[in-house]
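Visitor:
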Amino acid sequence: MSTNRRLLSILIVMSLVLFAGVMGYQVYRVERDYKRTFLVEKTAFGEQVARIALSGMQTSDYFGIVRLGNELYKPEAMLYLSILDETGQTVHFRSEGNMEKIRSARSGVARDGVRDDLDMLGKRVAIVRSLIVDDAGKSWGNVEIAYFWAPVQRLLRRQTLAFTIFFLVFVSIWGAVLSFSARSILDPLDRFVRDLAKIQTEWPISLEEFNARLVPEKATSDVNVLLNVLRTSLAKLLEYQENQRKEAEFAALGKLSAQVAHDVRSPLAALESLLSQLLLFPEEERLIARSAINRIRDIANNLLKKNRADGKDSTVESVAQDAETSVELLSSLIEPLISEKRLSFRSKLGVEIDARMDASAYGLFARVQPREFKRLLSNLLNNSVEALGASGSVTLALASAGGESIVITVRDDGPGIPPAILAKLGKCGETHGKVGGSGLGLYHARTSVESWGGSLELLSEVGRGTTAVVHLPKARPPEWFVSVLELDAKHPIVVLDDDASIHQVWQGRFDSLRPRVQIFEVLHFSAPTELRDWVKADATRARDAVYLMDYELLGYKDTGLALIAELGLGEQAILVTSRFEEKAILEECLRLKTRMIPKGLAGFVPIRVRAATGTDANGPAGRSAQLDAVLIDDDPLTRMTWKMAASRSSKKLQAFSTVAEFLQEAPAIDRETPIYIDADLADGVNGAQESLRIHELGFQEIYLATGHEAARFAAYTHLRGVVGKEPPWS
C-alpha cells in the first residue's frame, strides 16, 4: 500500500470522526434552539395576554377577562391558564384537569419568569409567567400558562433520530465510494503532480516552455485523458489571462482619462480665471476660489484612490465611499456652483447665467451623492452655455413639485435640438453640437439621477431652446434644520452677529410681520460680552428668549457654539451660519440640541409667531400644538405600542381610534404635525380615503401606517409616504 493511499485512508477515517462530532453538536444545537424558540414564542404570547388583561383590570371589566381566558385556552396544548390580580387572588382559571391538585402542585414554583420541563401531576410541563404592569410601572397581577412539554420532547427526539440515521448512512456511503475511486485516481494524479513540481522549480517560464515541458502522454485510462486535456487547458488559460490583463489595463486607462478630462475642466476654468485677477480678490471671489479648489481636490483624490496600485482593498473602499448618498440641502449645493459658472464664462459677455431659488425652494432636501450631484448640474449648465454661442441666457430653477417631489430645471434659449437627435441623447457615446464630445456627461447624469430614485428628461424645441428637467424624491429634513422659525410674541428675540447686514435682514423679516401679529422685542448684539451682560442682568427674560447666533464672531475668540454651551441656551438657540455642513459643528449642535439655519437662507425661512392670545398665523394654539406626532388607529395594542415608544423617546404623541375623534381635536393641532393613519380602520373605513379630508384641513405631513405595499396607494399623491406599523422613534 503506497504512502498516498495510507494517508487517504487516514483522512477518510478522520473525516468520519469529524463529521460524527459535528453531527452531535448540530443535534444539540437543533434541540437547544427549538426549545429556546418555543419558550420565546410562548413568553411573547403571555406578554400579549398580559397587556390585554391590563386593559380589563384598569376598567374593572372582569367578565371581559374571563371571556379572554376562555378564548385563549387550548386544552390540547395547555394544562391550565390562570390570571391573578396583584393580591394573588385568582381572577380567572381554566383547566381540563383537577383544579385543586393543580393549584397545590404549582404553589411551590417561583412566581415569575419561565420554568421548563417540570413534573406536575405526572405530566412534564413548561410554565410561563408574565407580569401585568402598566406604563407607570404599577403591578396589576400576572398571567400564568402551563404548556405540555412531552409532545415537544417527542417531536425533537424523532427529528433528531431521523436526521442522525440519514446523515450517518450518507457519510458511510460517501466514504466507501471515495475510498474505491481513489485507487484509480491517485496513480495518474501522482505523475501529473511530479510533472508540475518539475516546472515549479524553474518558474516563471514562458508559455512556449510550458507547452513543451508538459507534452501529453499516451492515455491509458479515462483519467489520463482528462489530465491530458487539463494540461492543454492550462496553457490556453495562461494565454487568455495575459490578454485579459492587457485589455483591462487599456480600458481602465481610457476610462480614467475620459473622466479626468471631463470632470476637471469646469473647476479648473474657474480657478484660471481667478488667477488672472489676484490683485482684485474680494471676499466673494475668495469663496468661489476655495470652492473650485476643493472640487479639484475631491476629484483628484477620488481618482487616485480608485486607481491605486498598492492594493485592491483601497480601491473597493474608495468606490463604496464615492457611491454613498446622504441627505443634502439642495440650495447649498447649487448656489456655489452657479457662482462658479458665472465666473467660468465671464469672457462670454452676452451670456447670462441666473438661478431662481426663492422662498418656495427653502428647506428642500434630497438623498444624493453631493459630489456627483454638483458634477451633473455642472455638465447640464456647460451644455446649455455651449449651445448658446455668443449670447443668450441660462436659468437654473429649484422648486417643490408638490407632494414628495423636487424639480430642478436648467433652461436655455439656444437653437434647440432636432427631435431625431433628442431621442438619442442620454445614451453612452451620444452627443450633439460639441466637436469631439463623448456624450459621457449626459449619460452619467441620467444614470446618477435614476440611482437616487429620480429621473432626467430633456425637452427641446428648435429655435426656442432646451430644458433639462431633473426630478428627485424629497427627503425629510434632518433634526438640525429649522423648517419653520417658531416665535412667541411674549418673549424677546436675541440676534448675535458681527455683520450689520445680517441684523438688517432679521429686523426686516420681523418688521414685515406687521400688522398681522403683535411684534415682540428684538435685541441686537454684535459682541459676546454684550450678550453675557444681558443674560446675567435679565435672567428671567433670558430663559424664555429665542437666540439667533452667528458661529464666527470677527475679532473674538468665542464662537457662537461656545457661548451657547457656556450660557446653557441649548434648545433656545439657533445657529445661523454658512458652515452648517462641517462635521464638527454639526456634531456639537446635536450634542447641545441646537438647530441651525444656513446664513444664506435667513431671508427665506418661514416665520410663525404665536401671539399672546394663543393664536398664530396658521390657527389657534391649543394643548396639542407642540405634538411630535398624531396616530389614528383602531387597534388598541398598536396605540399602546406607539405611546410606550413615544414615552421612551421623550416624544409627545396623541392617539385616536377613529378619524371622527381626530377631527374634533384638529383645530387645536399644529398643521405641521406629522399624522400617521392606519389604512384599514374599524367598520371598513378606508384610511387612505379619510386622509384626503385631513389634508383639506391644511395638514401636509400625512403618512399611511400600514403593512400593505406602497404601490397600492400610488394614487394618493398628497401622502408624504407609506410606512410600516412601527413607531417613527423605534
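Sequential numbering of the sequence shown, starting at 30, is according to my numbering.
Just so it is clear, CB atoms sit at the ideal spot from N, CA and C, and this is done for glycine as well.
Which two residues bound the contiguous beta strand (DSSP E) that contains Val638?
Guide: Its beta strand (DSSP E) spans residues Ile636 to Arg639.
Visitor: Please name the residue in Val206, Thr72, Arg385 and Arg123 whose C-alpha comes closest to that of Arg158.
Guide: For Arg158, the nearest C-alpha among the options comes from Thr72.
Visitor: Thinking just about the alpha-carbon of each residue, which of Val491, Leu592 and Glu353 is nearest to the one in Glu559?
Guide: Closest by alpha carbon: Leu592.
Visitor: Would you decide whether Arg65 is buried or exposed? Buried here means 16 or more other CB atoms lie within 10 Å of its CB.
Guide: Exposed: under 16 other Cβ atoms inside 10 Å.
Visitor: Short of 6 Å in beta carbon distance, which residues of its chain neighbour Phe554, apart from the five on each side in sequence? Order them along the chain.
Guide: Within the same chain, Phe554 has close Cβ partners Leu525 and Leu560.
Visitor: Assign Pro696 to one of three DSSP states: helix, strand, or coil.
Guide: Helix at Pro696.
Visitor: Span of the alpha helix (DSSP H) holding Phe92?
Guide: That run of the alpha helix (DSSP H) goes Tyr91 to Leu101.
Visitor: Just curious, the alpha helix (DSSP H) that Met673 is in, first and last residue?
Guide: First-last of the alpha helix (DSSP H) with Met673: Pro665 to Arg677.
Visitor: Can you look up Asp573 in the DSSP assignment and give me helix, strand or coil?
Guide: Asp573 falls in the helix class under three-state DSSP.
Visitor: Which whole-angstrom value describes the C-beta separation of Leu393 and Leu427, a residue pair presumed to lie in contact below a C-beta threshold of 8 Å?
Guide: The Cβ separation is near 6 Å, so the contact holds.
Visitor: Whose CA, out of Val95, Gly584, Arg493 and Tyr176, lies closest to the CA of Ser413?
Guide: Out of Val95, Gly584, Arg493 and Tyr176, Arg493 has the C-alpha closest to the C-alpha of Ser413.
Visitor: To the nearest angstrom, how far is the alpha carbon of Leu425 from that of Lys628?
Guide: The alpha-carbon atoms of Leu425 and Lys628 are separated by roughly 21 Å.
Visitor: Determine the contact status of Gly75 and Gly85, defining contact as a CB-CB distance below 8 Å.
Guide: No.
Visitor: Pull up the distance between the alpha-carbon of Leu590 and that of Gly599, whole angstroms please.
Guide: Taking the straight line joining both Cα atoms gives about 9 Å.
Visitor: If you run the structure through DSSP and keep just helix, strand and coil, what is Ile382?
Guide: Three-state result, Ile382: strand.
Visitor: My assumption, with CB atoms under 8 Å, is that Arg570 sits in contact with Pro521. Please give the rounded CB distance.
Guide: Their Cβ separation, rounded to whole angstroms, is 6 Å, which keeps Arg570 and Pro521 in contact under 8 Å.
Visitor: Pick helix, strand or coil for Gln683, following the three-state DSSP scheme.
Guide: The answer is strand: DSSP assigns Gln683 an E or B state.
Visitor: For Val162, which residues of its own chain have a beta-carbon under 6 Å away from its beta-carbon, when the five flanking residues on both sides are left out?
Guide: For Val162, where only same-chain residues beyond five positions count, the Cβ hits under 6 Å are Ser168.
Visitor: Classify Tyr576: buried if its beta carbon has 16 or more other beta carbons within 10 angstroms, exposed otherwise.
Guide: Burial call: buried.
Visitor: Buried or exposed: which applies to Arg624, given that a residue is buried once 16 or more other Cβ atoms fall within 10 Å of its Cβ?
Guide: By the 10 Å Cβ count, Arg624 comes out buried.
Visitor: If I'm right that Glu433 touches Pro502 with Cβ under 8 Å, what's the distance once you round it to whole angstroms?
Guide: Confirmed, Cβ separation roughly 6 Å.
Visitor: Quick one: grab the DSSP three-state call for Ser607.
Guide: In the structure shown, Ser607 sits in coil (DSSP, three-state: anything other than H, G, I, E or B).
Visitor: So for Gly421, helix, strand or coil by DSSP?
Guide: DSSP places Gly421 in strand when its eight states are reduced to three.
Visitor: Going by beta carbon distance, what residues of the same chain come within less than 7 Å of Trp509, once the five residues before and after it are set aside?
Guide: The residues are Leu615, Cys618, Leu619, Arg624 and Met625.
Visitor: Just checking my contact of Ile437 with Val499 at CB under 8 Å: how many whole Å lie between their CB atoms?
Guide: Contact flag correct, Cβ pair sits at about 4 Å.
Visitor: Residue range of the alpha helix (DSSP H) that His724 falls in?
Guide: Counting along the chain, the alpha helix (DSSP H) containing His724 begins and ends at Gly716 to Glu725.
Visitor: Buried or exposed: Pro665, going by 16 or more other Cβ atoms within 10 Å of its Cβ?
Guide: Burial call: exposed.
Visitor: Measure from the alpha carbon of Pro696 to the alpha carbon of each residue in Gly379, Phe728 and Met578, then state which is nearest.
Guide: Closest by alpha carbon: Phe728.
Visitor: Starting from Glu357, trace the beta strand (DSSP E) both ways and give me its first and last residue.
Guide: Glu357 -> beta strand (DSSP E) spans Ser355 to Leu358.
Visitor: In three-state DSSP terms, what is Glu301?
Guide: Low confidence applies here, because Glu301 scores a pLDDT of 46, under 50, leaving its location unreliable; read the following figure in that light. Of the three classes helix, strand and coil, the one that applies to Glu301 here is helix, per DSSP.
Visitor: Among the residues of its own chain, which have a CB less than 6 Å from the CB of Asp527, if the five just before and after it don't count?
Guide: Hits under 6 Å: Ser555, Leu582 and Leu583.
Visitor: With burial defined as no fewer than 16 other Cβ atoms inside 10 Å of the residue's Cβ, what is the status of Gly170: buried or exposed?
Guide: Gly170 is buried by the Cβ-count criterion.
Visitor: Shortest alpha-carbon distance to Gln118 belongs to which of Ala743, Glu173 and Arg475?
Guide: Closest by alpha carbon: Glu173.
Visitor: Just the C-alpha distance for Asn411 and Phe633, rounded to the nearest angstrom, thanks.
Guide: One C-alpha to the other measures close to 29 Å.
Visitor: Could you please give me the residues that DSSP links to Ala175 through a beta bridge?
Guide: Ala175 is bridged to Tyr109 and Ile156.
Visitor: Is it right to say Asp540 is buried, meaning 16 or more other beta carbons lie within 10 angstroms of its own, or is it exposed?
Guide: So Asp540 ends up on the exposed side.
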